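If you want the numbering used here, it's the position in the sequence shown, counting the first as 1, plus 6. Ideal Cβ placement from N, Cα and C applies to all residues, glycine included. In this text the structure is predicted, and so the values were computed from the model without any measurement. Reviewing the structure listed below.
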Amino acid sequence: MPTSYKILGQTEPADTTNADLYTVPSNTEAIVSTIIVSNSTSGETAFRIFIREDGAAAGTENAIAYDTIIGANTQVAFTLGLTLSSTDIISVRSSTGGALAFSAFGSELT
């Protein structure tokens with residue numbers, strides 16, 4: 007299986023609903039090494055990160071961060087080594103629209 011190391015996804019949700027950060031393409035597996043959450047505003051806010059197996063609905067049962075507070079002008083890095091299958095989705099959410107940027111880094115195996 008060829009491996010491709012890459013930025014898997016980047017997003018800055020404009021509102022307070024769930025946004026998909028990365029969806030594993032068909033016939034592909036992925037290893038997510040790091041997810042970074044960056045708050046470039048002058049106020050603290052909260053965020054959520056969901057790992058949705060086979061596109062399942064986001065909920066507390068698949069959250070790896072839920073209403074986690076991030077301080078003003080700070081970043082949080084989650085070094086995880088998550089293994090994902092085809093059609094699995096990483097979704098993110100901010101309690102303040104446009105306040106946070108999310109980035110996922112890792113590799114795809116095809």
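What first and last residue would you give for the beta strand (DSSP E) that runs through residue i?
i     : result
Ala20 : Premise fails: Ala20 is in no beta strand (DSSP E) and is neither H nor E.
Asp73 : Ala69 to Ile76
Thr51 : Thr51 to Arg58
What's the gap between the Cα of residue i and the Cα of residue j?
i      : j     : result
Ser101 : Asn68 : 18 Å
Val38  : Leu90 : 8 Å
Thr85  : Thr40 : 4 Å
Phe111 : Tyr11 : 8 Å
Ala64  : Ile75 : 19 Å
Ala20  : Val43 : 15 Å
Provide the residue(s) that pair with residue i in DSSP beta bridges, ordered along the chain.
i      : result
Glu35  : Leu115
Leu88  : Val38
Asp26  : Ser97
Leu106 : Asn45
Thr80  : Asn45
Could you check how far apart the C-beta atoms of residue i and residue j are, in whole angstroms? I think they sit under 8 Å.
i      : j      : result
Leu106 : Thr51  : 6 Å
Thr9   : Leu115 : 5 Å
Asp26  : Ile70  : With a Cβ gap of about 15 Å, Asp26 and Ile70 do not count as contacting.
Asn4   : Thr80  : The requested residue 4 is not part of the displayed model; the chain covers only 7 to 116.
*Counting pairs of beta carbons, one from the stretch 42–55 and one from the stretch 85–105, are three or more of them closer than 8 Å?*
yes
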